[in-house]
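Engineer: In the working numbering, the protein residues as written are 2 to 450. Ideal Cβ positions, reconstructed from N, Cα and C, are used throughout, including at glycine. Before anything else, here's the structure in question.
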């Protein structure tokens, strides 16, 4: 993980379309009222950065994008390069992590290695987005000043700019925008990076130019082999009488992407919702996992199954009581308490060299260990699922969001949306703390939530 700040260097528009009243160059201003709006739900734009140093940060601030929308970012030495096979090419979900409903989203890419190319192309796929347009307040391109982490005891708050007045003993308010504040210290900065990066950044920004501050960030490779693991649409199939409501409840990550799956049939095998992915014909082990929402006592048991197919079908499963977290394993193994959800998982080896592996979600079963066929096992009811995953190996790792195409999910930014701030430095205090080391205490107030 890394903490960093980035000053947005100027850029010029090369290509792209927008509404006449909301042109692309609006993303070059700090004022939150100046925004870019696209003419469709799959826009792109190309800009040329004037950053004097190699680029390692590209960010879209104040967007209306959902976490299941796709953003592709290419960086190269020419327009032709970013329109084709650019040397830097990342595609990822628009965002991950927790975000308060009142806050706009941020798509942040911190490159593993700075690049010399100054042309940046951004492609967005926001199919199904309400309003049928993409909105972005600020496009940030620049070079980060960073440290492995901020020091403990950072202060985070919400500042309310509303003004109160009293009349005849009654307090009334003139409502104005709320902003986020963050006070943090970057400590033990070596002399060279402090002189080369931190001081120039502070001098450029002052207190009148906004910067991007990210207290905790990691660019991760995406191990999730499933498609549409958030939206439950592309690649998913209902078996028997299963019905589902997509984007019907808050998921484990706070987004409105959980699916409520229901089995209402009493005269057939237990219904389920599944997706399969192609795998090599080897004897490797894979792990499936899913979040099952906690439910009141008396709710039906849920089951998550891993199944191989292609040569000779084989499967195993974990059943969970959503009210208690009890499973069919000794000591209630294979279930982790995840707040409002239980995260359940099961590993299984492909011993018969099958060609596909599936995850099956059963919303209602009568017995934790019984057969799934026959009306005696076909219980009725519903459960809520989110964050499904199939990954190579015998261990469950952090859930990784995916969209509808594998090409769109080569990486994702692990960070909490509620923590990152785009705003003005209200106070910055560098201190020479010991020989060859500095610290910078910084207070930042966002331009908008």
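Can you tell me where the alpha helix (DSSP H) holding residue 83 begins and where it ends?
Structural biologist: From DSSP, the alpha helix (DSSP H) with residue 83 extends over 80-84.
Engineer: Per DSSP, residue 191 forms a beta bridge with which residues?
Structural biologist: For residue 191, which the question treats as bridged, DSSP gives the partners 438.
Engineer: List the whole-angstrom C-beta distance separating residue 212 from residue 6, where the pair is believed to meet the contact cut-off of C-beta under 8 Å.
Structural biologist: Contact flag correct, Cβ pair sits at about 5 Å.
Engineer: In terms of residue numbering, what span does the beta strand (DSSP E) encompassing residue 220 cover?
Structural biologist: Its beta strand (DSSP E) spans residues 212-222.
Engineer: Classify residue 308 as buried or exposed, calling it buried when 16 or more other Cβ atoms lie within 10 Å of its own Cβ.
Structural biologist: Classification for residue 308: buried.
Engineer: May I ask which residues mark the beginning and end of the beta strand (DSSP E) holding residue 206?
Structural biologist: Not the beta strand (DSSP E): residue 206 falls in the alpha helix (DSSP H), residues 200-206.
Engineer: Assuming residue 282 and residue 354 make a contact with CB atoms under 8 Å, what is their CB distance in whole Å?
Structural biologist: Their Cβ separation, rounded to whole angstroms, is 4 Å, which keeps residue 282 and residue 354 in contact under 8 Å.
Engineer: Between the alpha carbons of residue 400 and residue 289, how many angstroms are there, rounded?
Structural biologist: About 11 Å.
Engineer: Can you tell me where the beta strand (DSSP E) holding residue 279 begins and where it ends?
Structural biologist: Per DSSP, residue 279 belongs to the beta strand (DSSP E) from 273-279.
Engineer: Starting from residue 46, follow its DSSP beta bridges and name the residues at the other end.
Structural biologist: Paired residues: 17, 123.
Engineer: Going by beta-carbon coordinates alone, are residue 223 and residue 106 separated by less than 7 Å?
Structural biologist: Not in contact: residue 223 and residue 106 (Cβ atoms no closer than 7 Å).
Engineer: Can you check DSSP and say which residues form a bridge with residue 179?
Structural biologist: BP columns for residue 179 point to 161.
Engineer: I'd like to know whether the C-beta atoms of residue 287 and residue 393 end up nearer to each other than 7 Å.
Structural biologist: Their beta carbons are under 7 Å apart, which means residue 287 touches residue 393 by this criterion.
Engineer: Span of the beta strand (DSSP E) holding residue 71?
Structural biologist: Run containing residue 71: 71-77, per the beta strand (DSSP E) assignment.
Engineer: To the nearest angstrom, how far is it from the Cα of residue 301 to the Cα of residue 254?
Structural biologist: Going from the Cα of residue 301 to the Cα of residue 254 covers about 23 Å.
Engineer: Rounded to a whole number of angstroms, what is the C-alpha to C-alpha distance between residue 327 and residue 348?
Structural biologist: Cα to Cα, the separation comes out at about 18 Å.
Engineer: Between residue 439 and residue 195, how many whole angstroms is the CB-CB distance? I'm expecting something under 8 Å.
Structural biologist: The Cβ separation is near 4 Å, so the contact holds.
Engineer: Below 8 Å, how does it come out for the segment 435-450 and the segment 73-85: are there three or more Cβ pairs, yes or no?
Structural biologist: The answer is no - the segment 73-85 does not touch the segment 435-450, with fewer than three Cβ pairs under 8 Å.
Engineer: For a test of the three-state rule: what should DSSP assign to residue 430, helix, strand or coil?
Structural biologist: Reduced to three states, the DSSP call for residue 430 is strand.
Engineer: Spatial neighbours of residue 49 within its chain, please: CB distance less than 7 Å, with the 5 preceding and 5 following residues excluded, ordered by chain position.
Structural biologist: Hits under 7 Å: 12, 13, 15, 119, 120.
Engineer: Let me know if residue 420 comes out buried or exposed under the rule of 16 or more other beta-carbons within 10 Å of its beta-carbon.
Structural biologist: Residue 420 is buried by the Cβ-count criterion.
Engineer: Given that a residue counts as buried once 16 or more other Cβ atoms are within 10 Å of its Cβ, and exposed if not, what is residue 432?
Structural biologist: When all chains shown are included, residue 432 counts as exposed.
Engineer: Identify whether residue 397 lies in helix, strand or coil by the three-state DSSP scheme.
Structural biologist: Residue 397: coil per DSSP, three-state reduction.
Engineer: Tell me the start and end of each unbroken alpha helix (DSSP H) in the segment 230-265 that is at least 4 residues and wholly inside, in chain order.
Structural biologist: Segments of the alpha helix (DSSP H) lying fully in the segment 230-265: there are none.
Engineer: What distance in whole Å lies between the Cβ atoms of residue 323 and residue 273, which are believed to be in contact at a cut-off of 8 Å?
Structural biologist: Contact doesn't hold; Cβ gap of about 16 Å is too wide.
Engineer: Could you name the residues of the same chain whose beta carbon sits closer than 7 Å to that of residue 398, not counting the 5 residues immediately before and after it, in chain order?
Structural biologist: Same-chain partners within the cutoff: 224, 392.
Engineer: Assuming residue 227 and residue 389 form a contact by the criterion Cβ under 8 Å, report the distance between their Cβ atoms to the nearest whole angstrom.
Structural biologist: Indeed they touch by this definition, with Cβ atoms about 6 Å apart.
Engineer: In the DSSP assignment, find the beta strand (DSSP E) that holds residue 420 and state where it starts and stops.
Structural biologist: Neither: residue 420 is in no beta strand (DSSP E) and is coded neither H nor E.
Engineer: Leaving aside the five residues before and after residue 442 along the sequence, list all residues of the same chain whose C-beta is less than 6 Å from its C-beta, in chain order.
Structural biologist: Cβ neighbours of residue 442 beyond the five flanking positions: 186, 430.
Engineer: Taking 7 Å as the threshold (C-beta atoms), are residue 202 and residue 146 in contact?
Structural biologist: Yes; because the gap between Cβ atoms is below 7 Å, this pair is in contact.
Engineer: What would DSSP say about residue 445, mapped onto helix, strand or coil?
Structural biologist: Of the three classes helix, strand and coil, the one that applies to residue 445 here is strand, per DSSP.
Engineer: Within 10 angstroms of the Cβ of residue 29, are there 16 or more other Cβ atoms? Answer buried if so, exposed if not.
Structural biologist: The residue in question, residue 29, is buried, as its Cβ has 16 or more Cβ neighbours within 10 Å.
Engineer: Report all residues from its chain with a CB closer than 8 Å to the CB of residue 238; omit the five preceding and five following residues, and keep chain order.
Structural biologist: Around residue 238: 274, 275, 276.
Engineer: What are the partner residues of residue 7, as DSSP defines its beta bridges?
Structural biologist: 145, 213, per the DSSP bridge assignment.
Engineer: Helix, strand or coil for residue 284? Go by DSSP, reduced to three states.
Structural biologist: Of the three classes helix, strand and coil, the one that applies to residue 284 here is coil, per DSSP.
Engineer: Going straight from the alpha carbon of residue 99 to that of residue 109, what length do you get?
Structural biologist: Cα to Cα, the separation comes out at about 14 Å.
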